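Trainee: To start, I am sharing the structure in question, which I have written as structure tokens.
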Amino acid sequence: MIELNFKSDFLFSGLADSLIGGLIAPTLLVDLNGEIVSVSPAAESLMATSDAATLRGRPVSDFTDGTDLDGLRNWVRDTLSGRATAPDWTVNLQQAAGPASWIVKPVPDDYAKVVGFLYQHIGPDLPQTDDAAVAAGRRFDVLAETELRWKTAVLSASQGVWDHDFERNRHYLSESWRTMRGLAPDATAPESTEDWLLTIHRDDIQKVREQLHLQESGLTDIVNYTFRQRHAAGHWIWILSRGRVMRRDAAGFPVHIIGTDTDITEIKAVEQERTRLAERLALAMEVAEMGQWEFDIDSGRTAWDARAAAMLGVTADAVERTGPHWSDLIHPDDRQGVIAYNAARLRAREDIAYDYRVLTDDGSERYIRTRGKFLPSPEGGGTYVGVDFDLTPEYRKTRALEQARSQLEYESRHDALTGLANRRSLDEVFANALATAPETPLAAMHFDIDRFKQINDSLGHDAGDVALRHVATILRDHMPPGALVARAGGDEFVTLFVDAPAEDVLQGIADRITTALAVPFAYHAAQIRTDMSIGIARTAPGDAARGNLFIIADMALYHAKTDGRATCRFYHPGMMEESAHRKRLEDALSVAFAQDQIICHYQPQFDARSLKMTGLEALVRWQCPQHGLIMPDHFLGIASDMGLMARLDDAVLRQVLRDTRAWASAGLDVPHVSVNISAERLTDPQLGPSLRALQIVPGTIVFELLESVFLDGADATIDKNLAMLADLGIEIEIDDFGSGHASIISLLRIAPRRLKIDRALVQPIVTSPQRRALLETIIRIGRMLHIDVVAEGVESADHVRILQDLKCDILQGYALARPVPPGQVPDLLISR
């Protein structure tokens, strides 16, 4: 491609050739360099030339008579400078028949600038007259007007014109062609096709090459391709290039191509944005799992895209169905409502929005939410376009959530283990009864399983769970209709009676339950008996205690357990005062530890043969400022209920250590002292560190453990603490042996230093040979296992004599010595 030296869009365009070629008179179009650029057919004939190509590009001076040449040049110069006095010039040109006259007129552009000259032959058919000149001028006025229209249309369309005449080696690029690329009017353009391709975006070069190949090979005369080209400012612009091959050479190669370039960068940006938005919409619909549908009102046909069809269970070969066919998909329960709704909206041409169910082709049920918008049509009718959402997963989740919520609601009001109502449900029913049935008598039975902990400890928690379910079944089976049986927590159960029966009826229910519970049930190889203590309270309308029904039933239960367990007690008003007294004791006990109110009395233990004192047992007492000296049977149960047993054990042990160290400091020979330790204390993982901190002298302290602690089941924490006690030199003594809990296996596992026989076995030996024989057996077992046997409850000389005859090792009881306060112990030690 060659840089142009000419500025007229018209002079070197295909349009100029067409116009000149259409003139009847012999005509030449000459550029400012004096070269012929266009030739009419008549001029070709007149100048004895068969091909206009032989004239194009030749200087017109080659045909000018030398005598006229100087005058012509002067007139051209004056015309270009605007000083010419003559509007035209006459010159003789050589032609086949000899010299002939030609009139020369300037050709102005639309800015009145001369861009070339028009030579027209003055012959017999066109005499040299003013009329002939006017005719020629008018013809070129038409040409100028045509050029102006052409330029105006091209420029207003922001098109750049290009004209490549390879045969004449003339290449034209319009000013607008340069402007759209940011090139200056005199900027150098690419000089070859390859140089021009270097300015094309690399992703478009191959496509442009393919188009050029189609043109060059003669497969098409049409130029129509789109590409990106580098702007002078550095950015890329999109170009739409359109044109046509005007002429080919003998080999079929294009030698003249004309066309226009259009800057379509903004159009491309809009297309790209539209594409981006369409892709985003498609992605959004895919992510939202939306299906699209279209319903044509005139034809009654509905078309679905693949997702909508999949939602409805429509197969791929049936994505269009008429209305009736679509309605067949609707769930029978929804069909009538959906059809009526659609019909009403269709008549009103209103948008639609509803949820419905469909039965898919595979028989499954799905929940569909549809939204549609009415689009009117100029021809009438119109179309509904909409989307479908598959709400089936949400409905399933909602249904599962409702079921879970219902289950949670049920579980929140029922005990998971027994299936009975729980405390929350019990409280709600009770509150409702108080609010809605003020004239109805109410009653409550409060049950507590006796020695439930022993079941758990001896047989495991699974056995305990089985026992709880067993009790729940018996309670449920023995209650009248309308009574609410609830598990209040742990091993406690409560039954609420609204419109309660009389007390004798309640007593009969309790008796039948007690009888049923007394029958053991099998658990693996064991037999479990679940005796229960029962407290009953009944309130009449207007009773002041009505709102405290469960509280007073619990008071009755407490008395049932105190009175020997496996019993039933009805509430009476006196229990309220007893409960108040108990509450006062609880409050006082809470501060007893901080004020050192927990003290010890000591009862001596004697060698059965010599009756010399061999040890002391520390017996806890509570020196209460308000109530005086309180014996243990009046506060140990309270301490246990309050969870203070471990703290009480620690207080007793510290008191014993203070006393024994004081006696030793006074020079007294202090025997070992037995101290009770509770199961709670023995199962404390921190027992070892706390005892080591006390720096107990080995052999001075003996721990008395209740027989109930040593059941047949092993406990890792207890075993670890027992081993720790042996390391510290603290001996073990089993208290209350013979009450029916421990076995020989337990003794072998624990290996205690002493067994203390329960006073309930010792006291009858004076009058009961059977009890005496049983006691003798225990003593023999102790001797066989190298365990000393201690008999407590020695109340008379007969007890002493019999126990000596049975070869018991150690005696303790009122017959030998009563418990004494710490201040009297030194006298006992001195008299040893």
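Position 217, counted from 1, in the sequence shown is what this note's numbering calls 1698; the numbers after and before it change by one each time, with no gaps.
No residue lacks a Cβ here, since even glycine has one placed at the ideal position from N, Cα and C.
Everything numeric in this text was worked out from a predicted model, so none of it was measured.
1. H1737 lies in the beta strand (DSSP E); which residues open and close that run?
2. Once the 5 residues before and after Q1575 are set aside, which same chain residues still bring their CB inside 6 Å of it?
3. Within a Cβ cutoff of 7 Å, which residues of the same chain sit near G2304, ignoring the five residues on either side of it in sequence?
4. With DSSP as the reference, label D2193 as helix, strand or coil.
5. What is the rounded straight-line gap between the Cα of W1677 and the Cα of E1516?
6. Going by other Cβ atoms of all chains shown within 10 Å of its Cβ, with 16 needed for buried, is A2254 buried or exposed?
7. Going by DSSP, what residue range makes up the beta strand (DSSP E) through H2082?
8. Give the DSSP bridge partners of V2133, in chain order.
9. Do you know how far the Cα of K2093 is from the Cα of R2313?
10. Any contact between the segment 2012-2025 and the segment 1899-1908? By contact I mean 3 or more CB pairs, one from each, below 8 Å.
11. Would you report the Cα separation of Q1753 and E1760, rounded to the nearest angstrom?
12. Does the beta-carbon of P1922, which I'm using as the reference point, lie nearer than 7 Å to any heavy atom of the ligand MG?
13. If you run the structure through DSSP and keep just helix, strand and coil, what is R1838?
14. Does Q2176 come out as helix, strand or coil in the three-state DSSP assignment?
15. Kindly indicate which three-state DSSP category H2005 falls into: helix, strand or coil?
16. Mind checking whether K2201 and D2216 have CB atoms under 8 Å apart?
17. Is DSSP giving Q1601 helix, strand or coil here?
18. Residues in the same chain with beta-carbon distance under 8 Å from E1770, minus the five sequence neighbours each way, listed in chain order, please.
19. Would the beta-carbon of G1853 fall within 8 Å of that of V1839?
20. Roughly how many angstroms separate the alpha carbons of L1956 and I1994, rounded to a whole number?
21. Identify whether K2093 lies in helix, strand or coil by the three-state DSSP scheme.
22. When DSSP labels each residue in this structure, what does P2054 get in the three-state scheme?
23. What residue from Y1837, G1699 and E1675 has the CA that sits closest to R1690's CA?
24. What is the DSSP secondary structure of I1505, reduced to helix, strand or coil?
25. Counting pairs of beta carbons, one from the segment 1691-1699 and one from the segment 1655-1671, are three or more of them closer than 8 Å?
26. Would the segment 2042-2057 and the segment 1916-1932 be scored as touching if the rule is three or more Cβ pairs under 8 Å?
27. For I1681, report the span of its beta strand (DSSP E) as first-last.
28. Could you spell out where the beta strand (DSSP E) holding I2319 opens and where it closes?
29. Tell me the DSSP secondary structure of L1607 in three-state form.
30. Using 10 angstroms around the beta-carbon of D1992, count the other beta-carbons present and answer buried if the total reaches 16, otherwise exposed.
31. Could you give the distance in angstroms between the alpha-carbon of I2199 and the alpha-carbon of R2173?
32. Using 8 Å as the threshold, is the C-beta distance between L2203 and I2231 below it?
33. Whose C-beta lies closer than 8 Å to the C-beta of E2214 among residues of the same chain, with five residues either side of it excluded?
34. Is it the case that the segment 1943-1962 contacts the segment 2061-2070, given that we only count it when at least three CB pairs across the two stretches are under 8 Å?
35. If contacts are defined as beta-carbon pairs under 8 Å, then L2100 and P2300 qualify, I think. What distance do you get, rounded to the angstrom?
36. L2097 and P2152 - do their beta-carbons sit closer together than 8 Å?
Mentor: Checking against the coordinates, here is how it stands:
1. Indexing the sequence shown from 1 puts residue 1737 at position 256. That run of the beta strand (DSSP E) goes P1735 to D1744.
2. The sequence position of residue 1575 within the sequence shown is 94, counting from 1. Correct list, in chain order: F1544.
3. Looking up residue 2304 in the sequence shown gives position 823. The answer is none, since no qualifying residue turns up.
4. As a first step, residue 2193 is located in the sequence shown; it is residue number 712 there, counting from the start. Confidence is the limiting factor: at D2193 the pLDDT is only 45, short of 50, which leaves the residue's position unreliable, though a coordinate-based value still follows. Coil.
5. Your numbering for residue 1677 matches position 196 in the sequence shown. Your numbering for residue 1516 matches position 35 in the sequence shown. Cα to Cα, the separation comes out at about 28 Å.
6. Here residue 2254 refers to the residue found at position 773 when the sequence shown is read from its first residue. Looking at its Cβ environment, which holds fewer than 16 other Cβ atoms inside 10 Å, A2254 is exposed.
7. Within the sequence shown, residue 2082 is the residue found at index 601, counting from 1. Residues I2079 to D2088.
8. Your numbering for residue 2133 matches position 652 in the sequence shown. For V2133, which the question treats as bridged, DSSP gives no partner whatsoever.
9. Stepping through the sequence shown from its first residue, residue 2313 is reached at position 832. Stepping through the sequence shown from its first residue, residue 2093 is reached at position 612. Whole-angstrom Cα-Cα distance: 7 Å.
10. no
11. If you number the sequence shown from 1, residue 1753 lands on position 272. If you number the sequence shown from 1, residue 1760 lands on position 279. Using only the alpha carbons, I get a separation of about 10 Å.
12. No copy of the ligand MG occurs in the structure displayed, which carries no ligand at all.
13. As a working mapping, residue 1838 is identified with position 357 in the sequence shown. Residue state, collapsed to three classes: strand.
14. Numbered from 1 along the sequence shown, position 695 holds the residue referred to as residue 2176. Of the three classes helix, strand and coil, the one that applies to Q2176 here is coil, per DSSP.
15. Along the sequence shown, read from residue 1 onward, the residue named residue 2005 stands at position 524. Residue state, collapsed to three classes: coil.
16. Numbered from its first residue, the sequence shown carries residue 2201 at position 720. Numbered from its first residue, the sequence shown carries residue 2216 at position 735. No. Outside cutoff.
17. On the sequence shown, residue 1601 is found 120 positions in, with the first residue counted as 1. Of the three classes helix, strand and coil, the one that applies to Q1601 here is strand, per DSSP.
18. One-based indexing of the sequence shown puts residue 1770 at position 289. So the qualifying residues of the chain are R1788, F1870 and D1871.
19. For the purposes of this step, residue 1853 is taken as the residue at position 372 of the sequence shown. For the purposes of this step, residue 1839 is taken as the residue at position 358 of the sequence shown. Not in contact: G1853 and V1839 (Cβ atoms no closer than 8 Å).
20. By one-based count along the sequence shown, residue 1956 stands at place 475. By one-based count along the sequence shown, residue 1994 stands at place 513. Going from the Cα of L1956 to the Cα of I1994 covers about 7 Å.
21. Here residue 2093 refers to the residue found at position 612 of the sequence shown. Reduced to three states, the DSSP call for K2093 is coil.
22. For this step, residue 2054 is matched to residue 573 along the sequence shown. P2054: coil per DSSP, three-state reduction.
23. The count along the sequence shown starts at 1 and reaches residue 1690 at position 209. Of the listed residues, the one whose Cα sits closest to R1690 is E1675.
24. Here residue 1505 corresponds to residue number 24 of the sequence shown, with the count starting at 1. Coil at I1505, not helix or strand.
25. no
26. yes
27. Residue mapping note: residue 1681 aligns to position 200 of the sequence shown, counting from 1. Looking at the DSSP string, I1681 is not in any beta strand (DSSP E), and its letter there is neither H nor E.
28. The structure shown does not extend to residue 2319, since the chain spans only 1482 to 2313, so no value can be given for it.
29. Indexing the sequence shown from 1 puts residue 1607 at position 126. With a pLDDT of 48 at L1607, under the threshold of 50, the modelled position of that residue is not reliable, and no figure is offered here.
30. Residue mapping note: residue 1992 aligns to position 511 of the sequence shown, counting from 1. It is exposed - the Cβ of D1992 has fewer than 16 other Cβ atoms within 10 Å.
31. Counted from its first residue, the sequence shown places residue 2199 at position 718. Counted from its first residue, the sequence shown places residue 2173 at position 692. For I2199 and R2173, the distance between alpha carbons rounds to 17 Å.
32. The sequence position of residue 2203 within the sequence shown is 722, counting from 1. The sequence position of residue 2231 within the sequence shown is 750, counting from 1. Yes, these two residues count as a Cβ contact at 8 Å.
33. Position 733 of the sequence shown, counted from the start, is the residue given in the question as residue 2214. Hits under 8 Å: S2155, V2183, F2184, E2185, L2186, P2233, R2234, R2235, L2236, K2237 and V2271.
34. no
35. Counting from one through the sequence shown, the residue named residue 2100 turns up at place 619. Counting from one through the sequence shown, the residue named residue 2300 turns up at place 819. About 5 Å; that satisfies the 8 Å criterion.
36. In the sequence shown, residue 2152 corresponds to position 671, counting from 1. In the sequence shown, residue 2097 corresponds to position 616, counting from 1. Yes, the Cβ-Cβ distance between P2152 and L2097 is below 8 Å.
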